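Below is one structure, written out as structure tokens; comments come after it.
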Amino acid sequence: MKITEARVIVCSAGRNFVTLKIITDEGVYGIGDATLNGREKTVVSYLEDYVIPALIGRDPQRIEDIWQYLYRGAYWRRGPVGMTAIAAVDVALWDIKGKVAGLPLYQLLGGRSRDRIMTYTHANGACTASTLDAVGKAIDDGYQAVRIQSGVPGMASTYGVAKDGHKYEPADADLPTQNVWSTEKYLNFLPQLFDAVRSQYGFDVHLLHDVHHRLTPIEAARLGKELEPYKLFWLEDCVPAENQESFRLIRQHTTTPLAVGEVFNSIHDCRELIQNQYIDYIRSTIVHAGGITQMRRIADFASLFNVRTGFHGATDLSPVCMGAALHFDYWVPNFGIQEHMPHSELMESVFTFDYRFDKGFFTPGEAPGHGVDIDESKAANYPYKRAALPVNRLEDGTLWNW
1 MKITEARVIV CSAGRNFVTL KIITDEGVYG IGDATLNGRE KTVVSYLEDY VIPALIGRDP
61 QRIEDIWQYL YRGAYWRRGP VGMTAIAAVD VALWDIKGKV AGLPLYQLLG GRSRDRIMTY
121 THANGACTAS TLDAVGKAID DGYQAVRIQS GVPGMASTYG VAKDGHKYEP ADADLPTQNV
181 WSTEKYLNFL PQLFDAVRSQ YGFDVHLLHD VHHRLTPIEA ARLGKELEPY KLFWLEDCVP
241 AENQESFRLI RQHTTTPLAV GEVFNSIHDC RELIQNQYID YIRSTIVHAG GITQMRRIAD
301 FASLFNVRTG FHGATDLSPV CMGAALHFDY WVPNFGIQEH MPHSELMESV FTFDYRFDKG
361 FFTPGEAPGH GVDIDESKAA NYPYKRAALP VNRLEDGTLW NW
């Protein structure tokens, strides 16, 4: 079997997605997600100009060899653009292998380790009252785990909170929207929010929160300590993680579980975090961390240190990535939880998928491969539309972490 063709499909049915399709001389094809939110066309260029020409004529069943070729052969290793491109190829090749074998992806990985996959959803509101209403709706929908985000008094906007009743989508403008951030107002408000949620709904539901990289280590340590009475499932991305040692200081001061990793693209980004047990959950994604091939290495390494998976699953990951992630979740022994931010009906009209959701839990389906496909004719009706992620500034005008 040989790869005879590969092409990139870009569509914007509600938001931008990049999909790679690899076709073989036997007519079997596979698809992979190549979406890098806010920088989509950089990956398109990388694939079309450098990766696809090097794939033609290769045996698609040699997944590991092709992964090493694309990683080592580029010389310029790691980075979100290159690793997202590698991930797209990798997932497409695993899809092909599953179709050739007539097996769902999770069977190729070693079979399922659980009966269903627990997910968490997002509950957000402009104020405490509306956030409480959103939490109640999520519980009524069957979720056992809910991520809580709320507007902060004195701040016009903040991460994770939709405006005017729309679904939250951070990439909201042609050029970056500018937000204003106050660490002091946020830190003063958040414990009150979680106190209100626990007072109304008790401790039977898992609660999560995403700081989105906005604190310093000592500020994050203070927040984790103050949230301990509310028994969070995790506190996510509390500081930027370029300096992995930052988490040592946080860990020394709080027992609140810590999660990080959605922006990571290599095992080296999280090696110290895992082996020093500074975190409890690794959130690297298949689409940005080199595909299934490298995520297996990350997950196996994490299992040695009692760190569990918690894949990023926001709407900037296409149904292709979600399908592959759910097969991975079904198999991986050190599974923690899967994020679920539902795609729009418009987006789901472009993709078909075999995975199923029911009352807070997923199953990946039994179709060969990862079970997701794209309708290219429908995708062509929704051309690319540039959309940028916001930037943050402090109240004095200093640029800050978004």
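Sequential numbering of the sequence shown, starting at 1, is according to the UniProt record's numbering. Cβ atoms here follow ideal geometry from the backbone N, Cα and C, with glycine treated the same way. As the structure is a prediction and not an experimental result, all values here were calculated from the model.
query: In its own chain, which residues sit with a C-beta less than 7 Å from the C-beta of A85, not counting the 5 before and 5 after it?; result: A34, V43, Y46, L47, V51
query: Cβ-heavy atom distance between V332 and the ligand ZN below 8 Å?; result: Absent from the structure shown: the ligand ZN. Ligands present: none.
query: Should the region 167-177 be called in touch with the region 109-116, which here means at least 3 C-beta pairs below 8 Å?; result: no
query: Compare the C-alpha of E219 against each of P240, F203, A101 and name the closest.; result: P240
query: Which whole-angstrom value is the C-beta distance of I279 and A259, which I expect to be below 8 Å?; result: 6 Å
query: Hey, how far is the Cα of G313 from the Cα of W76?; result: 28 Å
query: Thinking C-alpha only, which one of M118, G160, A92, L103 is nearest G125?; result: G160
query: As an exercise, report each continuous alpha helix (DSSP H) stretch of at least 4 residues that is fully enclosed by the region 263-311, in chain order.; result: 271-275, 291-303
query: If you run the structure through DSSP and keep just helix, strand and coil, what is C321?; result: helix
query: Among the residues of its own chain, which have a CB less than 7 Å from the CB of R297, if the five just before and after it don't count?; result: I267
query: Rounded C-beta distance between A13 and L317? I'm assuming under 8 Å.; result: Contact doesn't hold; Cβ gap of about 15 Å is too wide.
query: Taking three-plus beta-carbon pairs below 8 Å as touching, is the region 181-198 in contact with the region 125-136?; result: yes
query: Quick one: is P53 buried, meaning 16 or more other Cβ sit within 10 Å of its Cβ, or exposed?; result: exposed
query: If you check the beta carbons only, do L208 and L190 fall under 9 Å apart?; result: no
query: According to DSSP, is M118 helix, strand or coil?; result: strand
query: Looking at A87: is its Cβ nearer than 9 Å to the Cβ of Q277?; result: no
query: Check for me: the beta strand (DSSP E) holding T177 runs from which residue to which?; result: Unbroken run through T177: none, as it is neither H nor E.
query: Please state if the CB of Y120 and the CB of Y213 are separated by a distance shorter than 9 Å.; result: In the sequence on display, residue 213 carries His and not Tyr. Contact flag unset, no.
query: For the beta strand (DSSP E) that F362 lies in, which residues bound it at each end?; result: 361-363
query: For T216, tell me which candidate among F203, D237, P229, E228 has the shortest Cα-Cα distance.; result: D237
query: What residue range is occupied by the uninterrupted alpha helix (DSSP H) comprising I148?; result: Run containing I148: none in the alpha helix (DSSP H); it sits in the beta strand (DSSP E), 145-150.
query: Please state the DSSP three-state secondary structure of S246.; result: helix
query: Give a yes or no on whether the C-beta atoms belonging to R7 and A171 are separated by under 9 Å.; result: no
query: Provide the residue span of the alpha helix (DSSP H) that contains E348, from first to last.; result: 345-350
query: Let's test the definition: count the other Cβ atoms within 10 Å of the Cβ of P383 and tell me whether it reaches 16, buried, or not, exposed.; result: exposed
query: I'd like the list of long-range same chain contacts for D354, defined as Cβ closer than 6 Å, with 5 residues on each side in sequence excluded.; result: G365, A367, G371
query: Report all residues from its chain with a CB closer than 7 Å to the CB of I374; omit the five preceding and five following residues, and keep chain order.; result: I9, T19, I31, V350, F351
query: With which residues is C11 paired in a DSSP beta bridge?; result: F17
query: Do N381 and C11 have their CB atoms nearer than 9 Å?; result: yes
query: My guess is that T254 and E228 are in contact by the Cβ rule of under 8 Å, so how many angstroms apart are they, rounded?; result: 6 Å
query: Measuring only the C-alpha atoms, how far is P342 from G142?; result: 14 Å
query: Assuming P60 and I139 make a contact with CB atoms under 8 Å, what is their CB distance in whole Å?; result: About 45 Å; that fails the 8 Å criterion.
query: Relative to the alpha-carbon of V211, which residue among Q338, A162, I148 has its alpha-carbon at the smallest distance?; result: I148
query: If you draw a straight line from the alpha carbon of K41 to that of G202, how long is it in whole angstroms?; result: 45 Å
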